[in-house]
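Notes follow once the structure below has been shown.
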């Protein structure tokens, strides 16, 4: 009788272990984690500085609307968004996360400031000490692989001026999976053979949104980053439109993970 009971106990333990093993496997947690990398860059705006703090980045697994949130990073990051252009970025997330399908990203903001005409002001976040922005965006995290996303802040559309010294931030952000993207680069100068930069804004658009950047004052170089592979037209508009003509360049092919360099662009004087 004791032998029989021992055999039954052994079978029960074996079946229980098998059930637990199958449950773990079906949940997708048995494999290695993936790595999530998120960088931030910016479109230009007419301010001296826009200093934004992001304290927590959370991601949501596809499924239950209120559950399945996890923290991708709680490392507080503060950056002047206006310095993040032409290939300059700020690392927001670089962490291991569980594999699976995700459909939302949530940013929690900390204290932010704006500098205009040399004067620093508080940048209010919907009248709350901590403001959260939830964005719909679908992406996959695979075991042992890195998923790379980029956030492009459109500061011009994100900031509302409500009066003298009163500013409100309502973030407008373009999200791209960088594995499907490339870029367009070049430089804008005054005359052929010169090294005189012409301060300009460079515009293009994707299927979903507009994209722009300011060229570098010292070199005239620019880079439109994280453009989904496609054909593009770019418009180069000089700051001094009374002195220079704008120019449009069409049929620029952007391929994933590759750069399209248009070289030196000379703006004709009026």
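In our numbering, the protein residues as written are 43 to 312. Positions of the beta carbon are idealized from the N, C-alpha and C atoms, including for glycine. The model shown is predicted, which means the values in this text are computed figures rather than measured ones.
Output the residue ranges of the alpha helix (DSSP H) runs that lie fully inside the stretch 168-245 and measure 4 residues or longer, sorted by chain position. 197-200
Candidates 270, 149, 308: which alpha carbon is nearest residue 120's? Nearest C-alpha to residue 120 among 270, 149, 308: 149.
Between which two residues does the beta strand (DSSP E) holding residue 287 run? Secondary structure note for residue 287: it is in no beta strand (DSSP E), with a DSSP letter that is neither H nor E.
Find the nearest neighbour of residue 116 within the set 97, 90, 271, 123, judged by alpha-carbon distance. 97
Nearest by alpha-carbon distance to residue 93: which of 252, 204, 164 is it? 164
According to DSSP, simplified to helix, strand and coil, what is residue 95? strand
Tell me whether the stretch 177-186 and the stretch 138-148 touch, counting them as touching only if at least three CB pairs, one residue from each stretch, are closer than 8 Å. yes
Beta-carbon proximity list for residue 289, same chain, < 8 Å, skipping 5 on both sides: 277, 278, 307, 309, 310
Under the rule that 16 or more other beta-carbon atoms within 10 Å means buried, what is residue 128, buried or exposed? Counting Cβ neighbours within 10 Å, residue 128 comes out buried, since at least 16 surround it.
Can you tell me whether residue 303 is buried or exposed, with buried defined as 16 or more other CB within 10 angstroms of its CB? Counting Cβ neighbours within 10 Å, residue 303 comes out exposed, since fewer than 16 surround it.
Report yes or no: do the stretch 187-195 and the stretch 82-90 share at least 3 C-beta pairs separated by less than 8 Å? yes
What is the DSSP secondary structure of residue 125, counted as helix, strand or coil? helix
So who's on the other strand from residue 32, going by DSSP bridges? Here the chain covers residues 43 to 312 and nothing more, so residue 32 does not appear.
So if DSSP puts residue 272 in a beta bridge, which residue, or which two residues, is it bridged to? 296
The stretch 263-278 contacting the stretch 235-246, beta-carbon criterion three pairs below 8 Å: yes
Euclidean distance between Cα positions of residue 106 and residue 173: Taking the straight line joining both Cα atoms gives about 23 Å.
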